[in-house]
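Start counting at 1 in the sequence shown, then tack on 4, and there's your number in this note's numbering.
For reference, the structure discussed in these notes is given below.
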Amino acid sequence: MNILILGSGGREHALGKAIKKSQKSGKVFFSPGNAGTLLYGSNINIDYKDYDALRLFIQKNEIRVVIIGPEAPLVDGLADRLSSDAELSHLKVLGPGGAGARLEGSKSFAKAFMKKYKIPTAAFLEIELSNLSEGLNYIENSEGPYVLKADGLAAGKGVLIIQDRNEAKEQLKEMLEGKFGAASSKVVIEEFLDGVEFSVFALTDGKNFALLPEAKDYKRVGENDTGPNTGGMGAVSPVPFFDEQLEKQVVDHIVQPTIDGLKKEHIPYTGFLFFGLILCEGQAKVIEYNCRMGDPETQVVIPRLRSDLLDLIIDAIDGNLLNKTVATEGGVRVAVIAASGGYPNDYQKGKEIFGLEKLNHDNVFHAGTQLLGGKTLTSGGRVLAISCPGENLEEAINNCYREMNKICFDKIYYRKDIGKDLIDKA
Ligand code: AMP
Ligand code: GLY
5 MNILILGSGG REHALGKAIK KSQKSGKVFF SPGNAGTLLY GSNINIDYKD YDALRLFIQK
65 NEIRVVIIGP EAPLVDGLAD RLSSDAELSH LKVLGPGGAG ARLEGSKSFA KAFMKKYKIP
125 TAAFLEIELS NLSEGLNYIE NSEGPYVLKA DGLAAGKGVL IIQDRNEAKE QLKEMLEGKF
185 GAASSKVVIE EFLDGVEFSV FALTDGKNFA LLPEAKDYKR VGENDTGPNT GGMGAVSPVP
245 FFDEQLEKQV VDHIVQPTID GLKKEHIPYT GFLFFGLILC EGQAKVIEYN CRMGDPETQV
305 VIPRLRSDLL DLIIDAIDGN LLNKTVATEG GVRVAVIAAS GGYPNDYQKG KEIFGLEKLN
365 HDNVFHAGTQ LLGGKTLTSG GRVLAISCPG ENLEEAINNC YREMNKICFD KIYYRKDIGK
425 DLIDKA
């Protein structure tokens, strides 16, 4: 069967590569894809907002499965539109509709949902311009750090963690006055949680779920978790401290109640559900939900699957996940992102990437890359991920950095400490 994967990141490269291995897979198309996805299929460039063009492409190319990678089209309701299109009645769509995607698209929806279903999360307050004084009072009467979150999608930039009380008040005002456009017309102020973060992923049909391998990502641009937040600078799977007991706690108190809550709310949900968690004094709490897989977490999670990914995806779409489990490889995977110097702020594009031919294709996932005139050029902030396996964490880290040393481009930047904090944390 022919498959269309929407998105252009390392996540889509990793999903496409795993899907291409499946016996059921026919032609694979990526929109827009990147230089790496060309190894597994064809790149097309259709804006998902141009719905008629998308539908025509699906019809002409006999696409049977559409996988929606990023959050924006999901929050915009693309899955609803494709699934309810009478002209596309045989199409299978992976990704929740707009209602389910609100778990990511609206922090205030997600917090109210967690409160209603008693899912552990940070205490919070919802502030709009009309009750600004309540927010300012809260900040005045509490100790920092202060966590301010734009309600809507803000390209990963909508969360501010501020030490200084006066700056927090100032930022709260600026957010409500449009610092992140409409996304911050409402702000969630959260209790600051101190602990270690990790992520858990489920593939769900809305009734049942299969747990995928967990991962830890490294969000800050600088070593030792310093500097601004990014989309993610590296990832590790498995997480050494995620033992059976913690898995049971997370499933019983977070994953299951979330799926049950969606059912009770009559919100259908078919797709990946990503739980961004923090372990505080032995208790896992939800920092955020995402309605999709993570990037670069996908680049360590998906290569560890022994199960056929396309089979699992079809089971999810067809509502057949009851009693399905995911077989996983042993060992460890580590991914390190090579970024354009300056990211997440200003950076240059169009730099030639040298040394790719020295790398094993299994260890590279492209993101901001483009093939032009036979050269592979940088075209984004996060350029590619090197993702390597190892029998243990140290070996996987060493393998990753050895491979990283084989490539270069002007102003390449990567963190040199990915995974190192987890050594001896089992
Ligand atoms: P989010 O977009 O909600 O995942 O937040 C981005 C990052 O901010 C998270 O990965 C955490 O590192 C941090 N963060 C978010 N909420 C909190 C919180 N309540 N306490 C401490 N850190 C937080
Ligand atoms: N790496 C974090 C995310 O995909 O949201």
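Even glycine gets a Cβ: it sits at the ideal position worked out from N, Cα and C.
- Contact between the stretch 194-206 and the stretch 308-323 is absent, with fewer than three C-beta pairs closer than 8 Å.
- The residue among I7, P242 and G14 with its C-alpha nearest the C-alpha of Q374 is G14.
- For L215 and V240, the gap between their C-alpha atoms comes out near 17 Å.
- From the listed residues F413, E395 and Y417, the smallest Cα separation to I427 is found for E395.
- 7 Å or more divides the Cβ of K353 from the Cβ of T380.
- Between I390 and V340, the gap from beta carbon to beta carbon is short of 7 Å.
- In the DSSP assignment, no residue is bridged to H94.
- Cα atoms of K328 and P242: separation of roughly 20 Å, rounded to the nearest angstrom.
- Between the alpha carbons of G99 and F276 lies a distance of about 7 Å.
- Going by C-alpha positions, I166 is about 5 Å away from Y150.
- Under the three-state reduction of DSSP, A127 is assigned to coil, being neither helix nor strand.
- S391: member of the beta strand (DSSP E) spanning R386 to G394, first to last residue.
- Unbroken alpha helix (DSSP H) stretches of 4 residues or longer found wholly inside the stretch 46-102: 55-64, 75-79 and 82-87, given in chain order.
- Approximately 5 Å separates the beta-carbon atoms of V70 and L8; this is inside 8 Å, confirming the contact.
- Per DSSP, L250 is one residue of the alpha helix (DSSP H) stretching across E248 to V254.
- The beta carbon of E147 sits no closer than 6 Å to any heavy atom of the ligand AMP.
- Taking a contact as a CB-CB distance under 8 Å, the pair K153 and E194 counts as one, their CB atoms being some 6 Å apart.
- Proximity of the stretch 109-117 to the stretch 133-140 falls short of the contact definition, fewer than three beta-carbon pairs being nearer than 8 Å.
- Under the three-pair Cβ rule at 8 Å, the stretch 39-55 counts as touching the stretch 364-372.
- With 6 Å as the limit between CB and the heavy atoms of the ligand GLY, the residues that fall short of it are D221, G235, G236, N294, G298, D299 and E301.
- The C-beta separation of R386 from Y347 comes to about 7 Å, placing the pair in contact by the 8 Å criterion.
- C284 and P244 have their C-alpha atoms spaced approximately 16 Å apart.
- At a cut-off of 6 Å, the beta-carbon of I271 does not count as near the ligand AMP: no heavy atom of the ligand is closer than that.
- Of the candidates A105, F278, S344 and E227, the residue whose Cα lies closest to the Cα of G81 is A105.
- Excluding residues up to 5 positions away in sequence, nothing lies with its Cβ nearer than 6 Å to the Cβ of S189 in the same chain.
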